[in-house]
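Enquirer: At position 37 of the sequence shown the residue is numbered 37 (full-length UniProt numbering), and the sequence of numbers has no breaks. For each residue, glycine too, the CB sits at the ideal point set by N, CA and C. Got a structure for you, questions after.
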Amino acid sequence: MKTQATVALSCILLLSCAATEPQKTQPQAKPISSAAVKSQSEIRIETDKPADIVNVTTLTQQIQVSMAYAGPDNFTATPVPGYQANHCYLQQKAAQAVAQVAIQAALLGYQLQLLDCYRPQRASNYFLSWVADASDQKTKAAYYPRLNKADLHQGYIAAHSGHSRASTVDLTLLRKNAAGQWRPVDMGGTYDLFDPMSHLNSTAITTEQKSNRLLLKDLMQQQGFTPYELEWWHFTLHNERYPNSYFDFVVN
Numbered sequence: 001m002k003t004q005a006t007v008a009l010s011c012i013l014l015l016s017c018a019a020t021e022p023q024k025t026q027p028q029a030k031p032i033s034s035a036a037v038k039s040q041s042e043i044r045i046e047t048d049k050p051a052d053i054v055n056v057t058t059l060t061q062q063i064q065v066s067m068a069y070a071g072p073d074n075f076t077a078t079p080v081p082g083y084q085a086n087h088c089y090l091q092q093k094a095a096q097a098v099a100q101v102a103i104q105a106a107l108l109g110y111q112l113q114l115l116d117c118y119r120p121q122r123a124s125n126y127f128l129s130w131v132a133d134a135s136d137q138k139t140k141a142a143y144y145p146r147l148n149k150a151d152l153h154q155g156y157i158a159a160h161s162g163h164s165r166a167s168t169v170d171l172t173l174l175r176k177n178a179a180g181q182w183r184p185v186d187m188g189g190t191y192d193l194f195d196p197m198s199h200l201n202s203t204a205i206t207t208e209q210k211s212n213r214l215l216l217k218d219l220m221q222q223q224g225f226t227p228y229e230l231e232w233w234h235f236t237l238h239n240e241r242y243p244n245s246y247f248d249f250v251v252n
């Protein structure tokens, strides 16, 4: 009887521990922007370019503009609809903030490289059709090696991107090498790498790479930009001018 009682007590304790132990859950990808939680009635697609959306190079020359979607060097492997020129357009307040970031970066010996700025809505539409094409996997190894293409809409590809509101920018830092040439600093993963390594606080990167990410984050936050947790390169201006407008004029 003593043995039976001991076994019974052990079972009760085990069940109690199992009941009180917190359940482990998989981390959930966050939406690519606040657009993901907006209702369709809140979203306005606008085809005209407002006068206060400007070319950032009119405000500063301390940047390099390298629009990834204006050519084939991107995750679709093709030039993206809506990008007809290598220009960075942003709403004026966001453009002025980027210009201030460029000044502060220059004081530290860095230069900004802008990789995407305003994005036409038609580009987001194209990205959705690309995700839906399961037969096209030619960029998987370079851009989404550990994810299924169909799952890229969970945090990376959205029907409505904050870029189309003209106050979001993708960028990195450049620094001169021994030959005096500007080169991207090591951020621990390339632009548009859809992978946990691209998460702002990834633990899979080196101390130097983490330091570079934090420097970019600090420079941007000082000028009013909010970082995106899943992409170290992605920042949106706080209190943006057009929170519900998604523009679709061509970049030319």
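Does residue 45 pass the burial test, meaning 16 or more other C-beta atoms within 10 Å, or should it be called exposed?
Expert: If you number the sequence shown from 1, residue 45 lands on position 45. Classification for residue 45: exposed.
Enquirer: Under 6 Å Cβ to Cβ from residue 119, same chain only, skipping five residues before and after it: list those, please.
Expert: Residue 119 sits at position 119 when you count from the first residue of the sequence shown. Taken in chain order, the residues that qualify are 161, 163 and 164.
Enquirer: Are there 16 or more other CB atoms within 10 angstroms of the CB of residue 208, so buried, or fewer, so exposed?
Expert: Working through the sequence shown from its first residue, we reach residue 208 at position 208. That one is exposed.
Enquirer: For the putative contact between residue 171 and residue 113, defined by C-beta atoms under 8 Å, what is the C-beta separation to the nearest angstrom?
Expert: If you number the sequence shown from 1, residue 171 lands on position 171. If you number the sequence shown from 1, residue 113 lands on position 113. Between residue 113 and residue 171 the Cβ distance is about 6 Å, and since that is below 8 Å, they are a contact.
Enquirer: Using DSSP's beta-bridge definition, name the partner residues of residue 45.
Expert: Start at 1 with the first residue of the sequence shown, and residue 45 comes out as number 45. 246, per the DSSP bridge assignment.
Enquirer: Flag this pair as yes or no: are the beta carbons of residue 193 and residue 143 separated by less than 8 Å?
Expert: Numbered from its first residue, the sequence shown carries residue 193 at position 193. Numbered from its first residue, the sequence shown carries residue 143 at position 143. It is a contact, given that the beta carbons lie within the stated cut-off.
Enquirer: Write down the C-beta distance between residue 99 and residue 124 rounded to the nearest angstrom, noting that I regard them as a contact closer than 8 Å.
Expert: Walking along the sequence shown from the start, residue 99 turns up at place 99. Walking along the sequence shown from the start, residue 124 turns up at place 124. Contact flag wrong, Cβ pair sits at about 26 Å.
Enquirer: Smallest Cα separation from residue 106: which of 252, 97, 173 and 126?
Expert: Here residue 106 is taken as the residue at index 106 of the sequence shown, counted from 1. For residue 106, the nearest C-alpha among the options comes from 173.
Enquirer: Which residue wins for smallest C-alpha separation from residue 63, given the options 88, 74, 232 and 178?
Expert: Position 63 of the sequence shown, counting from 1, holds the residue named residue 63. Minimum Cα distance to residue 63 is reached at 88.
Enquirer: Checking 8 Å against the spacing of the C-beta atoms, do residue 96 and residue 128 come in under that value?
Expert: As a working mapping, residue 96 is identified with position 96 in the sequence shown. As a working mapping, residue 128 is identified with position 128 in the sequence shown. No. Outside cutoff.
Enquirer: Out of 140, 117 and 51, point me to the one whose CA is closest to residue 236's CA.
Expert: Counting from one through the sequence shown, the residue named residue 236 turns up at place 236. Residue 236 has its Cα closest to that of 117, out of 140, 117 and 51.
Enquirer: So what does DSSP say about residue 240, is it helix, strand or coil?
Expert: On the sequence shown, position 240 is the one that residue 240 refers to. Coil.
Enquirer: Given this structure, state the Cα-to-Cα distance separating residue 222 from residue 149, to the nearest angstrom.
Expert: Locating residue 222 in the sequence shown gives position 222, where the first residue counts as 1. Locating residue 149 in the sequence shown gives position 149, where the first residue counts as 1. So the alpha carbons of these two residues sit roughly 35 Å apart.
Enquirer: For residue 225, list the residues DSSP reports as bridge partners.
Expert: Mapped onto the sequence shown, residue 225 falls at position 225. In the DSSP output, where bridge partners are listed per residue, residue 225 has 237.
Enquirer: Report the rounded CA-to-CA distance for residue 183 versus residue 191, giving the unit in angstroms.
Expert: Looking up residue 183 in the sequence shown gives position 183. Looking up residue 191 in the sequence shown gives position 191. When rounded, the distance between both Cα atoms is 14 Å.
Enquirer: How many angstroms separate the CA atom of residue 80 from the CA atom of residue 179?
Expert: On the sequence shown, residue 80 is found 80 positions in, with the first residue counted as 1. On the sequence shown, residue 179 is found 179 positions in, with the first residue counted as 1. Rounded to whole angstroms, residue 80 to residue 179 spans 34 Å at the Cα level.
Enquirer: Which partner residues does residue 184 have in the DSSP bridge list?
Expert: Taking the first residue of the sequence shown as position 1, residue 184 is located at position 184. Its beta-bridge partners are 174.
Enquirer: Could you spell out where the alpha helix (DSSP H) holding residue 92 opens and where it closes?
Expert: Stepping through the sequence shown from its first residue, residue 92 is reached at position 92. Residue 92 -> alpha helix (DSSP H) spans 92-107.
Enquirer: Tell me which same chain residues have a C-beta within less than 6 Å of the C-beta of residue 234, skipping the five on either side of it?
Expert: In the sequence shown, residue 234 corresponds to position 234, counting from 1. Once the five neighbours on either side are set aside, the close Cβ partners of residue 234 are 170 and 228.
Enquirer: From residue 138 to residue 152, what distance separates their C-alpha atoms?
Expert: Indexing the sequence shown from 1 puts residue 138 at position 138. Indexing the sequence shown from 1 puts residue 152 at position 152. So the two alpha carbons sit approximately 15 Å from each other.
Enquirer: What first and last residue would you give for the alpha helix (DSSP H) that runs through residue 121?
Expert: Residue numbering aside, residue 121 sits at position 121 when the sequence shown is read from its first letter. Looking at the DSSP string, the run of the alpha helix (DSSP H) that includes residue 121 is 121-132.
Enquirer: Is it buried or exposed for residue 213, if we count other Cβ within 10 angstroms and need 16 for buried?
Expert: Here residue 213 is taken as the residue at index 213 of the sequence shown, counted from 1. So residue 213 counts as buried.
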